[in-house]
Each structure stands twice: as C-alpha cells, then as structure tokens.
Amino acid sequence: MIELAHVSKIYGKKQNQFAALEAINLTIESGRSVAIVGKSGSGKSTLMHVMSGLDRVSGGTITIDGQDISKLKNTALDQFRTDKIGFIFQSFFVQANETCLQNVMLPLEINKTPRSERRRLALEALEQVELADKANAKAGNLSGGQKQRLAVARAIVSKPSIIFADEPTGNLDTATGGKVEELLFEFNNKLSSTLIIVTHDTDLAKKCDVQIYIQDGKIIKINDLAKKKGAKS
Amino acid sequence: MKMLDIIARAGRSLRGAKARTLLTSLAIAVGAFTLTLTLAAGNGISAYVDRLVQSNFDPAELIVGRDKEVENTTGAPDSTPKEYDESIGNLSLGGQGSMQLKQITDEDIRIIEQLDYVDRVRPNYQINADYITRPDKKRYTLSVQSYNPGQKPELSAGSLPSSDLAKGSIVLPASYVRILGFKSAQDAIGNTVDIAAQQSLNEAAVREFIANGLSAQPGNTPEPKRKVTTYKIAAISKPSVTSLATVGMPVLLSSNDANEMYDFISAGTQQYGKYLYAFVRVNGAENKAVANDAKKKLKSMGFTVMTSQDLQASLQTIVNVLQSLVVVFAIITIIASIFGIVNTMYISVLERTREIGLMKALGTRSSSIAWLFRIEAAWIGLLGGLIGAIFAILLSLAVNPLLTKQLSLGEGNTILMHDPLQIAGLILGLILVAILAGWLPARKAAKLDPIEALRTE
Ligand SMILES: Nc1ncnc2c1ncn2[C@@H]1O[C@H](COP(=O)(O)OP(=O)(O)OP(=O)(O)O)[C@@H](O)[C@H]1O
Ligand SMILES: [Mg+2]
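Residue numbers (our numbering), protein chains in the order written: chain A, 1 to 233; chain B, 1001 to 1457.
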C-alpha cells in the first residue's frame, strides 16, 4: 500500500520558489493499476519521482508497505528501489551497445542475484515480452516498440511490488503502444504488482483501476473505477 | 552491486571505446616502458657490479691502511692542500703532481696479524717489475701481484693450492703463453720464466757510486741494481671479463716471493716496509655485520678501513644515481599520462550520463558507481603497464645479446635483467596511480542526480 500524507515538493529558493506539488494526500492499495493524468507541467512526473524514492519530498511523508521512505538514508533508499520498484521511461533508456539479455540482467546485478540465476531469470522475462529470440541482439538495433518491451522485461525481471511507467507509450504509435500496454496490465494482474502510469492518453488512463487528475501540483479529482465496479456488483 | 560485476562492467564499457582506451593506455605505457627498462638495467648493472667486486676482491678481505684516502670511495681524492709530513714519501701522480699518503708499516701488519679475528694479512705490494722473459725470447712488460688464495683466478691449465702458492712458483696469464714460446697452456706448466726487477735509487747506491770515483752528472747516473729471478709456472690464468686490471692480467707470485721482490725494489728507500694498504682477511667477514664489527675495531686502533661491502656500495651508488635520473623522467611521463586518464574518464562520465542515471534509478549505490569508474581507470592502468612492460621485455630480448657482446660481459650475462616481481609491483603501482587519476571523475559520476541524468534527451 502506498500512502502519501501532505506531500509537497518545492523547487528553487526564496523568491524563485516554485511548488511543483502541494498538499498531496493519496492512498493506493496494492495490486491496483493507477493512471496519473494531467496537463504538461502539472507535476505528474514529480509525483511519480517522489513516490518511487527517486526524489526527496520537501514536506509530508510517503509510506510504502508500512515503511516511511522519506526518512530513509540514501543507501537505504537505493536498496528500497532495488527491492521494490520497477521503472519504465518514455524514451526507453536501454543500453544500445549491450545485448537484450545484458540489459535485462542489470537489475539482477544490482540486487546481487547469483550469477547462475541471472541468465535464467532474464531469459524468462524476455520470453514474457516475446523477445526471447533477440536475447543476444544488440539493444540498439531494436525497433521502438521492441525497445519498450525490453524495458518492460527489465522492469519486471526482479519481480518488483510497484512498477512506475512515465509515458510508456508516448514515443510509440498506437499499434506498438497497444502491445506494451497489454503487457503492463498482464503483469499487473499476474504478478499482482501495483502499476502506476503517468500519461496524457485518456484511453490508456481509462484502462486503469484508478485515475488521479492533477493540476498545478494539486490533485483535483480521483476516479476509482474498481470501487464503482465494486459498488455496482 | 558486487565488485566482480563492477569490474566486468568497467571492462565491457572500455571495450566499447577501444581507440580511446588504447590511446590513453599508450601514454602510461611509455612511462611503464621506461621504468621497466630502467629497473632491468639497474638489476643487470647491480649484478655486474656484484660480479666485478666478487671477482676482484675477496669478500672476507678488508682493505686496511693509515691514510684517509683508503676510505675514500668517491674516486676523487681530497683536493685540499695538506701540511707536508717529513716522515711520509711523496707519491707521484704523473703529470698531475704528487700527494702524500700515510702508509701502513710492517710493524702495523705484525700487530694486525696477531688479532684473534684476523685470518691473514696480505700487504699490497706495489711491485714495478721490469720485464718477463725466457732464454732466447724477447723481454715483455708485466704487472705483478701477490696471490690471494681467497680469490682464485679462472685457469686454463695447471692447478692451484688452497693455501698460498709454493715459493718460487707463479700463475702466468694466458696472454704470455704464445709470446714466450710455449705451444699451449698445458705445455707451459712446470716450465720456468725469468722476471727482472730493478732496485730503486737509494742513498746507499748513490754513496757507493760516488765512492767508486764517479761524479753524478746528467747522463752519467749510477747503474741501478737489477735482479733476475727464475720462477716455475704452476698455472695459466684465463682472461677474465670482470677483471678491473687496467694493464692486463697480473702475474701472481706467492706472498713470500712478492715480499722478497718488493723488499729488493724498495731497499734503502722511504718505501721500504711500507705499503699504501694491506688486505686483511677477517674470519667470517663475508657477513656484513662481522665485517663492520672488524672495521670498527680496526678503526679504533687508528687504521683506515674499507670493507668489500663498502666498495660494492660505493659502486652501487653511482649506478643508483644514474638510475634515479631515468626514473625521474619516467615518473614525469607517468604524471603527464595521469592527465590523459583524468580527461578520458571525464569524457566517459559525460558520455554515459544516461547509463549512470539509469543505474542509479534502479538502485545502484553511489559508491558502486564511483568504483565503476575507478576500476575503468584501473583497467587503463593495467593495460598501459602490460603494454609498456611487454615492449620493454621484447626490446631487451632483442638488444641483450648485442649489449653483452659490445660490453664484453661474458656469455650468459645480460645488462637488462627483468624481475617478474618487480614488473608485477610496477604494474600494481600504475593501477593505483590510475585509480587515483580516476578519483575525481568517479566522484562526479557518483554525484549525478538520476532525474537530471535521465532528462537528457
Ligand atoms: N529540477 C527542477 N527545478 C525546477 N523546477 C522543476 C524541476 N523539475 C520540474 N520542475 C517544474 O515542476 C513542474 C512539474 O514538472 P513535471 O516534470 O512534474 O511535469 P509533468 O506533469 O511531468 O509534465 P510533462 O507532461 O510535460 O512531462 C514544472 O513546472 C517544471 O517546470
Ligand atoms: Mg513528465
């Protein structure tokens, strides 16, 4: 479970201060799929960064599975991300000069999985995103959609409890983007890991259990489909 | 991240930038090459000095005299003018004037011989023999020394006793065999040669000359006394590549014969019964501590002393000075190459901003990121060290035979001697230097903000 209490993020100093996030209160149950929606510059990425422990809050607390990550030391926060978080970025960030297999093995290297295990786990993940045949191909030679699928494999290989995706389909056409979305929801269901997607795409947002609308650093609306569904049945 | 994975990853990223890595390594390789060769030359020359000292000096012998110059190992005599001493003879230095040296006397030698730690004493007879010859053969010049049983020359024929030579027998250098009419070295053994010595002009001789009614005028000088002695050849000595003798190999006489000849030559002069120094053989003085102990005791008795270790050290000092000069240059090269590494590593950090950002986002610790770059620098150091050392070894293999021949070191002796441990140490040192050079760029990488790094499009 992710709980944000009175979270704020302020950039700059003194006169130049700018509040990218203000008084955010939010609870996300484990295993849900969540879309963070809003205009450009509204603070979507900033929210994602503080929730994932990539960035520090300026005020408030973020509690994930009972642990207040805003109080963790740097190394403990690194360990937290290693253990719990998977990331997918808009511009893929795959290592072009390395093979697909090496790309997927990176999180396993970081979390000190024994060498003998890594290959097997990475191949498994590649298989799940249908890139097993590209295991030894250089990641730089893949198409955009393939690169993002590779990024998905890298995000799920260490079986994280939360996957953050910042505009995962922003650089892809509808067809290839659709494939990536499909995979993300598949893992959300199968691994019952929480999925948090930052997006402009309203169609994609609608596929999620929860939509969080944000504007000028504040939450203006939370739409909880599952709750409604639950209410209907 | 595990250290092993960091090392492998650093190696992989270097392979991704082969040309840059190689060029940076080459800068270090130049320093490594120079250092490896310098160290090798130092080893070779040290070994040569060892051999030189060991084949010319008995390690158990101390050089003992009365004058400070005996202890002077710099090669240049003290040039400050000294007060004239009536009791000391003047030593002519040829065209360079003369100097006074205090000498050690027969009396001193008797005292030293009686010391319990002294094995035997061999005065350094300054024998100026005139010539060596055989009946019906020409006369040839020669140098003469007393035989030292602790310092056996290599022989091409005959044999040597373990103690002193028998009186009347000599060791003849091989170069005299043919010119004195022997068919071979073996043929010369047991045969005889004649050696002539001339008595120095002394007061008694001049008095006798005047008493005989002759006046001392230029061109009408007293005829010096000459003595021709016949010696039996006990052995033929081989020319030695490490001999320090400047006038060819000496003819070796038993100490009795040497003493007799010196007494004859110096009879009636100030030099009679006096020597510049004597070789004092001390029991167990091959051991430095024993030698130094004996040195201290002899010095407290007013003698001046030099051990063979002192001599070796003084020769070694010259080698060390030359060596450190080259080492300084090599170190300057390495310092220059440090800037190359710093530069390369900064470029590498810039190029891989996104990779660093991704790794940090995925939870890699800052310290692991720093080590990634330090180890990348270490790989460059290792590569540079290996390239430099390998080229130095290859060069040595190529030029050693030539140098051995040019410097006539004798077969099997090389001037460039590589020591694997030394090379390993050198490479390890270069790796450490490279890691230090990579320190700042590594810090920069470790401090990168992953969000910033991942924003770069
Ligand atoms: N490091 C920073 N320093 C100062 N201001 C920042 C910094 N990072 C973000 N901001 C500001 O915070 C606000 C929110 O930025 P954020 O990146 O979260 O927007 P976003 O909703 O993700 O927009 P987009 O859809 O364009 O990605 C913006 O106005 C941005 O200029
Ligand atoms: Mg954004």
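Built from N, CA and C at the ideal position, the CB exists for glycine as well.
Whole-angstrom C-beta distance between residue j and residue i, which should lie under 8 angstroms
i: B/Leu1062; j: B/Lys1295; result: 6 angstroms
i: A/Leu184; j: A/Ala165; result: 6 angstroms
i: B/Ser1254; j: B/Glu1154; result: Their Cβ separation, rounded to whole angstroms, is 19 angstroms, which puts B/Ser1254 and B/Glu1154 out of contact at 8 angstroms.
i: B/Ile1104; j: B/Gly1385; result: Between B/Gly1385 and B/Ile1104 the Cβ distance is about 54 angstroms, and since that is not below 8 angstroms, they are no contact.
i: A/Ala155; j: A/Ile163; result: 5 angstroms
i: A/Leu123; j: A/Ala132; result: 6 angstroms
i: B/Ser1025; j: B/Ile1380; result: 5 angstroms
i: B/Ser1163; j: B/Pro1149; result: 6 angstroms
i: B/Ser1368; j: B/Gly1031; result: Contact doesn't hold; Cβ gap of about 30 angstroms is too wide.
i: B/Thr1036; j: B/Ala1392; result: 4 angstroms
i: A/Thr46; j: A/Leu72; result: 19 angstroms between Cβ atoms; not a contact.
i: B/Gly1363; j: A/Thr82; result: 3 angstroms
i: B/Lys974; j: B/Asn1256; result: Not covered by the structure: residue 974 of chain B. The range shown for chain B is 1001 to 1457.
i: A/Thr27; j: A/Met1; result: 7 angstroms
Proximity of residue i and residue j at Cβ, strictly below 7 angstroms
i: B/Tyr1117; j: B/Val1282; result: yes
i: A/Val37; j: A/Tyr213; result: yes
i: B/Tyr1272; j: B/Ile1127; result: no
i: A/Ser30; j: A/Thr194; result: yes
i: B/Thr1133; j: B/Thr1192; result: no
i: A/Ile88; j: A/Pro160; result: no
i: A/Arg120; j: A/Met105; result: no
i: B/Met1001; j: A/Glu98; result: no
i: B/Ala1129; j: B/Ile1195; result: yes
i: B/Leu1372; j: B/Ala1010; result: yes
i: A/Ile24; j: A/Leu4; result: yes
i: B/Gly1388; j: B/Leu1454; result: no
i: B/Pro1224; j: B/Val1144; result: no
i: A/Gln211; j: A/Ala96; result: no
i: B/Val1070; j: B/Thr1333; result: no
i: A/Gln90; j: A/Gly178; result: no
i: B/Lys1444; j: B/Val1342; result: no
Sequence-distant residues of the same chain with beta carbon closer than 8 angstroms to residue i, five excluded per side
i: A/Ala76; result: none
i: B/Tyr1140; result: Tyr1131, Ile1132, Thr1133, Tyr1176, Ile1179 and Leu1180
i: B/Val1049; result: Gln1312, Leu1315, Gln1316 and Val1319
i: A/Leu172; result: Gly144, Gly145, Gln148 and Val180
i: A/Arg56; result: Val50 and Ser70
i: B/Leu1426; result: Ala1032, Leu1035, Thr1036, Leu1039, Gly1385 and Ala1389
i: A/Ala125; result: Val104, Ala153, Arg154, Ile156 and Val157
Contacting residues, own chain, Cβ-Cβ under 6 angstroms from residue i (five flanking each side not counted)
i: A/Ala19; result: Ile10 and Gly217
i: B/Phe1057; result: Ser1308
i: A/Lys147; result: Phe92 and Val94
i: B/Lys1152; result: Leu1160
i: A/Lys134; result: Cys100
i: A/Phe187; result: Ile156
i: B/Ser1366; result: Ala1446
i: B/Gln1186; result: Ala1157
i: B/Val1228; result: Asp1194 and Ala1196
i: A/Gly12; result: Phe18
i: B/Tyr1346; result: Pro1441
Close beta carbons around residue i, own chain, < 7 angstroms, minus the five adjacent residues each side
i: B/Thr1269; result: Ser1200 and Asn1202
i: B/Met1417; result: Ala1040, Asn1043, Gly1044 and Ala1047
i: A/Pro107; result: Arg154, Val157 and Ser158
i: A/Lys232; result: Caution applies to A/Lys232, whose pLDDT of 40 falls short of 50 and renders its modelled position unreliable; the value that the coordinates give is listed next. Nothing meets the Cβ criterion.
i: B/Ala1330; result: Gly1031, Thr1034, Leu1035 and Thr1038
Per-residue burial, residue i [other beta carbons within 10 Å of its own, 16 or more giving buried]
i: B/Glu1355; result: buried
i: A/Gly230; result: Note that A/Gly230 scores 48 on pLDDT, short of 50, meaning its location in the model is unreliable; the coordinates nonetheless yield the value given after this. Exposed.
i: B/Phe1339; result: exposed
i: A/Lys206; result: exposed
i: B/Asp1449; result: exposed
i: B/Lys1360; result: buried
i: B/Tyr1125; result: buried
i: B/Pro1135; result: exposed
i: B/Tyr1277; result: buried
i: A/Asp65; result: exposed
i: A/Ile197; result: buried
i: A/Thr202; result: exposed
i: A/Glu43; result: This sequence places Gly at residue 43 of chain A; Glu is not what is there. The residue in question, A/Gly43, is buried, as its Cβ has 16 or more Cβ neighbours within 10 Å.
i: B/Asp1108; result: buried
i: A/Asn141; result: exposed
Self-check item: By C-beta, the residues closer than 5 angstroms to any heavy atom of ligand 1, given in chain order
Solution: A/Tyr11, A/Ala20, A/Ser40, A/Gly41, A/Ser42, A/Gly43, A/Lys44, A/Ser45 and A/Thr46
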